[in-house]
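**Student:**
Structural data, given as structure tokens:
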């Protein structure tokens, strides 16, 4: 799903990242390249259009992993054994904070032990369905105890948890405080808005915020961007890509 990758990396740029690099399958290079002007592209070897956990692919990724100040994985990845292996490899090789979203969460859901013993901060950004897969609970059970479940998962697995929803919850293993976000509107229910959020959080970490600070501020900025776009787009017509302009307006509102 190249659109998800474009939304995530584009949001990172708009939210303030100085240099954003997007790794994609070689077969997607032409389609993505004609859309992304500010993002550096790394075409990776693929098999039948999908990323493959080959020695060559992992070697190419390793070069960029060593230089990164933050890594965001998940938007548009798809689901396969190769993706699971790539996510695990990058996690264990990372020298910087990592944000896991979308299919990266699906990749670790079957074996959460990959989170054990990591030496870098990790942020996960599940919606209730993804959180259900990560915990083995039902979506109804997740919704009935959002704060408690997010906090318990954060402490057990030593990750910052941003549980998306009408009142996004952020919990961290480093604090007893649970942040509940109050910005946003129904326009964020549109597909792709979560990819934008992942890019924002990655960008804020790259600019020096801690994992918990970036998740809290990212949730606020994401929601405020949606609020500021309503006069132009309405709720039903709001697109995830409209949030780029909303981010600019939110920053202007803050004097940034």
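Numbering (the numbering used here), first residue to last: 316 to 571.
Even for Gly, the Cβ is constructed at its ideal location relative to N, Cα and C.
Since the model is a prediction, treat every value here as computed from it, not as a measurement.
If you draw a straight line from the alpha carbon of residue 370 to that of residue 401, how long is it in whole angstroms?
**Tutor:** Approximately 11 angstroms between the Cα atoms of the pair.
**Student:** Consult DSSP for residue 505 and reduce its assignment to one of helix, strand or coil.
**Tutor:** Note: residue 505 maps to coil in three-state DSSP.
**Student:** Return the first residue and the last residue of the beta strand (DSSP E) that residue 438 is part of.
**Tutor:** Unbroken beta strand (DSSP E) run through residue 438: 437-439.
**Student:** Taking only runs that begin and end inside the region 405-431, name each unbroken beta strand (DSSP E) of 3 or more residues, in chain order.
**Tutor:** Complete beta strand (DSSP E) runs here, min 3: 413-415.
**Student:** With DSSP run on the structure shown, which of helix, strand or coil describes residue 340?
**Tutor:** Strand, per DSSP.
**Student:** Going by alpha carbons, who is nearest to residue 316 out of 390, 562, 341?
**Tutor:** That would be 390, whose Cα lies nearest to the Cα of residue 316.
**Student:** Under 8 angstroms: do the region 497-506 and the region 435-450 share three or more Cβ pairs, one atom per stretch?
**Tutor:** Counting Cβ pairs under 8 angstroms, fewer than three are found: no touch.
**Student:** Within the chosen definition, does the region 534-549 reach the region 559-568 through at least 3 CB pairs nearer than 8 angstroms?
**Tutor:** Contact holds: three or more Cβ-Cβ distances are below 8 angstroms.
**Student:** Using only the alpha-carbon positions, how far apart do residue 570 and residue 397 sit?
**Tutor:** Approximately 44 angstroms, taken between the alpha carbons.
**Student:** Within 8 angstroms, do at least three Cβ pairs link the region 510-522 to the region 406-415?
**Tutor:** Taking 8 angstroms as the limit for Cβ pairs, the verdict is that the region 510-522 does touch the region 406-415.
**Student:** Contact check, residue 454 vs residue 441 under 8 angstroms by CB: the rounded distance?
**Tutor:** Wrong, their Cβ atoms sit about 11 angstroms apart, outside the cutoff.
**Student:** Do the CB positions of residue 484 and residue 531 come within less than 8 angstroms of each other?
**Tutor:** Contact: no.
**Student:** State the DSSP-derived secondary structure class of residue 363, mapped to helix, strand or coil.
**Tutor:** In the structure shown, residue 363 sits in coil (DSSP, three-state: anything other than H, G, I, E or B).
**Student:** Can you name the start and end residues of the alpha helix (DSSP H) that residue 433 belongs to?
**Tutor:** Where residue 433 is concerned, there is no enclosing alpha helix (DSSP H), given that its DSSP letter is neither H nor E.
**Student:** Please list the terminal residues of the continuous beta strand (DSSP E) segment that includes residue 486.
**Tutor:** Looking at the DSSP string, the run of the beta strand (DSSP E) that includes residue 486 is 484-486.
**Student:** Counting C-beta neighbours from all protein chains within 10 Å, is the total for residue 534 16 or more, i.e. buried, or is it exposed?
**Tutor:** Residue 534 should be labelled buried.
**Student:** Would you call the region 320-331 and the region 377-395 touching, i.e. three or more CB-CB distances under 8 angstroms?
**Tutor:** Flag = yes, the region 320-331 and the region 377-395 touch.
**Student:** Between 482, 474, 476, which has its C-alpha nearest residue 572's C-alpha?
**Tutor:** This structure cannot settle anything about residue 572, because the visible part of the chain is limited to 316 through 571.
**Student:** Taking C-alpha atoms, which residue in 473, 558, 422 lies nearest to residue 432?
**Tutor:** If we check each option's Cα against that of residue 432, 473 comes out closest.
**Student:** For residue 368, which option in 399, 338, 350 has the closest C-alpha, if you only look at C-alpha atoms?
**Tutor:** With distances taken between Cα atoms, residue 368 lies closest to 399.
**Student:** If you count every other CB in all the chains shown that lies within 10 Å of the CB of residue 340, and 16 or more means buried, which is it?
**Tutor:** Its Cβ being crowded by 16 or more others within 10 Å, residue 340 is buried.
**Student:** Looking only at its own chain, which residues have a Cβ that is under 7 angstroms from the Cβ of residue 364, when we skip the five neighbours before and after it?
**Tutor:** Counting only Cβ-Cβ distances below 7 angstroms, and skipping sequence neighbours, we find 340, 342.
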